[in-house]
Each structure stands twice: as structure tokens, then as C-alpha cells.
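For what it's worth, our numbering labels the leading residue of the sequence shown as 188, then goes sequentially.
I have placed the structure first, in the form of C-alpha cells, so that the comments after it can refer back to it.
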Amino acid sequence: MTDSAYPARQSQLRQGQLRQGQLRQGLLRQGLLSRRGFLGAAGAAGVAAAGGLAGCSSALKQTPTSPSSGGSGPGGIIKIGFVSPQTGQLSVFTQSNGYVLGQVRSALAKGLTIGGKKYSVEIIAQDSQSSSARAATVASQLVQQSGVDFLIATATPETVIPVSAQAEASGVPCVVTICPWEQWYYKSSGAANTFKYSYMYFLGTQEETNLFTKVWAKASTNHVVGGLWPADVDGAGFEKYMKAKLGGMGWKVVPSGGYTDGTSDFASIISKFKAANVEILHAAPIPPDFITFWRQAHQNGFVPKIATISKALLFPSAAAALGPLVNNVMSPLWWTPQFPYQSSLDGTTASAFAANYKTKTGNDWTQPMGFNYAVFEIAVAALKASGNPKDKAAVASAIGKLKGQAITGAYDFTSGPVPHVSQIPELLAQWRVQSGGPQLVVIDNSELPAVPVASKMQLL
Numbered sequence: 188m189t190d191s192a193y194p195a196r197q198s199q200l201r202q203g204q205l206r207q208g209q210l211r212q213g214l215l216r217q218g219l220l221s222r223r224g225f226l227g228a229a230g231a232a233g234v235a236a237a238g239g240l241a242g243c244s245s246a247l248k249q250t251p252t253s254p255s256s257g258g259s260g261p262g263g264i265i266k267i268g269f270v271s272p273q274t275g276q277l278s279v280f281t282q283s284n285g286y287v288l289g290q291v292r293s294a295l296a297k298g299l300t301i302g303g304k305k306y307s308v309e310i311i312a313q314d315s316q317s318s319s320a321r322a323a324t325v326a327s328q329l330v331q332q333s334g335v336d337f338l339i340a341t342a343t344p345e346t347v348i349p350v351s352a353q354a355e356a357s358g359v360p361c362v363v364t365i366c367p368w369e370q371w372y373y374k375s376s377g378a379a380n381t382f383k384y385s386y387m388y389f390l391g392t393q394e395e396t397n398l399f400t401k402v403w404a405k406a407s408t409n410h411v412v413g414g415l416w417p418a419d420v421d422g423a424g425f426e427k428y429m430k431a432k433l434g435g436m437g438w439k440v441v442p443s444g445g446y447t448d449g450t451s452d453f454a455s456i457i458s459k460f461k462a463a464n465v466e467i468l469h470a471a472p473i474p475p476d477f478i479t480f481w482r483q484a485h486q487n488g489f490v491p492k493i494a495t496i497s498k499a500l501l502f503p504s505a506a507a508a509l510g511p512l513v514n515n516v517m518s519p520l521w522w523t524p525q526f527p528y529q530s531s532l533d534g535t536t537a538s539a540f541a542a543n544y545k546t547k548t549g550n551d552w553t554q555p556m557g558f559n560y561a562v563f564e565i566a567v568a569a570l571k572a573s574g575n576p577k578d579k580a581a582v583a584s585a586i587g588k589l590k591g592q593a594i595t596g597a598y599d600f601t602s603g604p605v606p607h608v609s610q611i612p613e614l615l616a617q618w619r620v621q622s623g624g625p626q627l628v629v630i631d632n633s634e635l636p637a638v639p640v641a642s643k644m645q646l647l
């Protein structure tokens, strides 16, 4: 590095460190980083800064990229950063990512023409490793090193919230999904976050609570609900809204008490539910924890009349691991090949999208694959609507005005329920053990009549 270039490089590094510091403080305020995680992230930022000074004689190391085919046109390259938990305890949410990204890249292979200019599109995928600190780090790298024009994040608050915080700190348009919007929109204090660049496309915890309780009320039970709610953002959200809703109905709520992910012994919680005569169970654990809990519950004679499981039983692999024990256990259903919608990128129907996945991978479709694809549809719509994909403020503003339809159905960022959110409807289903393996069967379509009910609710 020349002497004349050194001050400029120092200034860039100081600005990068400042943005990292602002992001970590924001995460601390939202309760997404523990003090230990904050120090670890700060240390990583320091190492990165030191490495930048030591190696400044060469270009900054770039993150791995996977460009679409078709060379860049006069407009250049649009870079989209995509952050998801590819590894770690939340990786089940992204097991179809390889297929999804392949389909998106194929659809965008010829590039985009925006404002009279032709652009090629490059998608840079990064792994949050199911860690909030890691999500923040890779999002920062995508912005500062890769120079992305757009950020997308998916799959649970642990990945979505840190990436969105980085987008706000850096002024990069961002769309996130597969995280209840309340957990993203509100701080731990209850106050609303202020967003300029970030938008959420997904369901709400209050919406799920209302749907679940409406269906539960149709069955004959003692109205005692046990809540298996872990000590994480999802667990806290469900406990808050479930207590409020059920308390207003005059029902009794028996919380499990926050437990840590990876718990191997649920005996004390099971005893608590049995002693309270719990006949309805709601749970929001990660898949391995529910599998452990449900097996131990049966071993210890705790089988409620109704079990409705958010998060853990969205996936065929988790259901299959329980074998016959999963029969008639309820799960929310946000996306299914039965959806009468198609891709705005290439016209692929929801049915064909799922069937192609099965053909190419041998695996059954998963709910997240629809939304992990749809956020790219929304991103492309916003980039086109902006008139200039390199004008980040214009792209962010365009997202807020979007109304359209994706492979998951309609989206509308103009009507709420709060600013920067497009809330989706969902179905309620039960797992039914069949000869080919467990299958989700729709039992309530009151929020989405376009998908027919296949069966009445069955008690456990």
C-alpha cells in the first residue's frame, strides 16, 4: 500500500468498525446478542480490522459468489446477498436451498432490464450457522466487502433480525421472511423498531394464536393449555400472546418455563403438565427438542387431547423421526404444492415447483422452500419498480409500495398490519401417518379458502 493510500484505507476501516459497533449495540438492545456474544462479535470485528491493515497491499478477500449466466450489460451487475442457516440447529429450514437458489438463478440467467439498462444478477449466499452473531458478521461482509445492492434473510429471528439490523445500519434494501413479524418489528421493551430499508413478508404470532385457539375451542377439552416455550425470541413471543388470548377466554395456561435449546431431559416439565391435567399442548421448540420431548411424554404417560406444534413439525423429516407418535399432531401450514399460485419470475406453478424438487433431490417438499423463493420474487419486483437498482433508497421505497403475487400468494406492503410488513394467511393441518410416510392434511382453511379442507380435526 502506498503512503498516500494509507490514510484513506484507515478511514474506510474506521467507518466499517463504526457500523459494526452500531449494529452490535442495536442487537444488544433487541436482546439478540448476549454480553458474551457481543464480546465475541467485537473480537471478530477487531481481528477483521487488523487483518485488513496487515493485508492491505492486496484487494480485500471477496466472499464466494455464484453469478447468473449471461454477461453484464451496460448497467453492470446487481448483487443480491442471501443469508440463511445452512448449518447448525436451524439448518432444517434451509435443506431445500440448493434447489431454490438453482431455480432462481435459472430464472434470472438472462439478467434484468431496468430503466433502459441491462443488468446481470449475482446471488451471493452466506451461512449464518444458526448464530445471531454470525448472521451479523456475514451480513456486514456482504455489504462492506461484496458490495451487495440488496439483502435477503430467512429462517427464524436468530438470522433475520441481525441481517435486517445490518441493512438499516448500512442503508441497503432488505426483505426478510420465516420469522413472525412481531418478533422482528418490536424491541424486547415492547417499543416498535424504526425501519427505512427493511421489510418483512410472513405471518404473525398473534395471527397464529387466534387461529389455534379458534380450532381448539371446537373440541371438548378442559381448557387447560400447556406451553412448551423455550428461552428464545420465538418462545417469548408465543408465551406473551398465548397468555393474553387464553386469559381473555378464561382458559388456564401452564407455561413450561424457559428452557435452553438442546435440553435432553424434559421430565420436570412433563410432570408439571400432568399435575395440571393439561389437555391441550402448544409448543415452539426446534425439531430435535420436540422429538425428545414427545418421546419422553409418551414414555411418561402424558398424551394431551390436542398438540399444536409451531416451528418443530414443519418438516417431513422431523415428522418421520417420530413415526406413529406424530399421528394427528397439528402443525401450521404456510405453503403447500396445493397453492393455486405461480412464480412471477418464470411461471412455474407451486405444484410443479414441489414436483421438480422431488425429482431432482428425491426429497419431499418443505414449507420454507416456497418463501425462500418468494423473497427473490419480491426483490426483483422492487428492483424493477425502482427504476434504478443502484439507488438503494429508491429500491427500499419501492418495496414499501409493492403489491403483487408470488409462488406463495399475494403480498402487499401498503396495508400493514404495521408499516414495512406484508402478513400472510395460513392453514392449520394435522400429520397423518400413511404408507408413504407422514403427510400434512389440511383441517382448517378459514384464512385461505383457496386451499380445500381435506379432513376434520382428530384428537390424539
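Note that the Cβ used here is the ideal one computed from N, Cα and C, for glycine as well.
Among the bridge pairs identified by DSSP, F337 is matched with I267.
Assignment of beta-bridge partners to A454 by DSSP yields no partner.
A Cβ-Cβ separation of about 22 Å leaves I467 out of contact with W521 under the 8 Å criterion. Straight across, the Cα-Cα distance linking P360 with L295 is about 19 Å. The alpha-carbon separation between A539 and N409 amounts to approximately 44 Å. Classified as exposed, T548 has fewer than 16 neighbouring CB atoms from the shown chains inside 10 Å of its CB. Straight across, the Cα-Cα distance linking A580 with V335 is about 14 Å. Counting only residues of its own chain and dropping the five nearest sequence neighbours on each side, T450 has a CB closer than 7 Å to the CB of D476. For M387, the beta-bridge partners assigned by DSSP are V363, V608.
Under the 10 Å beta carbon count, A471 is surrounded by 16 or more other beta carbons and is classified as buried. Per DSSP, reduced to three states, the secondary structure at M517 is strand. Residue environment: S271 is assigned as buried (16 or more neighbouring CB atoms within 10 Å of its CB, all protein chains considered).
Taken in chain order, the complete beta strand (DSSP E) segments of 3 residues or longer contained in the region 420-446 are 439-442.
The beta carbon of K432 sits closer than 6 Å to the beta carbons of T396, T400 from its chain, once the five residues preceding and following it are set aside; these are given in chain order.
Less than 8 Å divides the Cβ of Q483 from the Cβ of A454. T601 places its beta carbon 8 Å or farther from that of F558.
It is roughly 8 Å from the alpha-carbon of D421 to the alpha-carbon of P367.
When secondary structure is reduced to three states using DSSP, V629 falls in the strand class. Here Q592 is bridged, per DSSP, to A597. Note on geometry: alpha-carbon atoms of I565 and A340 lie some 13 Å from one another. Two segments are said to touch when three or more pairs of C-beta atoms, one from each, lie closer than 8 Å; by this definition the region 315-332 touches the region 350-357. In the three-state DSSP reduction, V490 falls in the coil class, being neither helix nor strand. DSSP places K305 within a strand segment (E or B) once states are collapsed to three. Y384 and A561 do not touch by the CB rule: their CB atoms are close to 19 Å apart, not below 8 Å. Secondary structure note for W618: its beta strand (DSSP E) is the uninterrupted segment 614-621.
Counting every other CB atom within 10 Å of its CB across the protein chains shown gives M556 a total of 16 or more, marking it as buried.
Counting only the Cα atoms, A508 lies some 22 Å from P524. For T536, the three-state secondary structure derived from DSSP is strand. Boundaries of the beta strand (DSSP E) harbouring I467: 467-470, taken from the DSSP string.
Comparing alpha carbon positions, the residue from N543, I493, E309, S317 closest to N514 is I493. Less than 8 Å divides the Cβ of A499 from the Cβ of P474. About 20 Å separates the Cβ atoms of A537 and W618, ruling out a contact at the 8 Å cut-off. Three or more Cβ pairs drawn from the region 603-618 and the region 629-639 lie within less than 8 Å of each other, which places the two stretches in contact. Nearest neighbour of T346 by Cα position, chosen from S333, Q332, W371, turns out to be W371.
For L509, the uninterrupted alpha helix (DSSP H) run begins and ends at 503-509, by DSSP. Apart from the 5 residues on each side of it in sequence, A585 sits with its Cβ closer than 7 Å to the Cβ of A569, A572, S573 in its chain, given in chain order.
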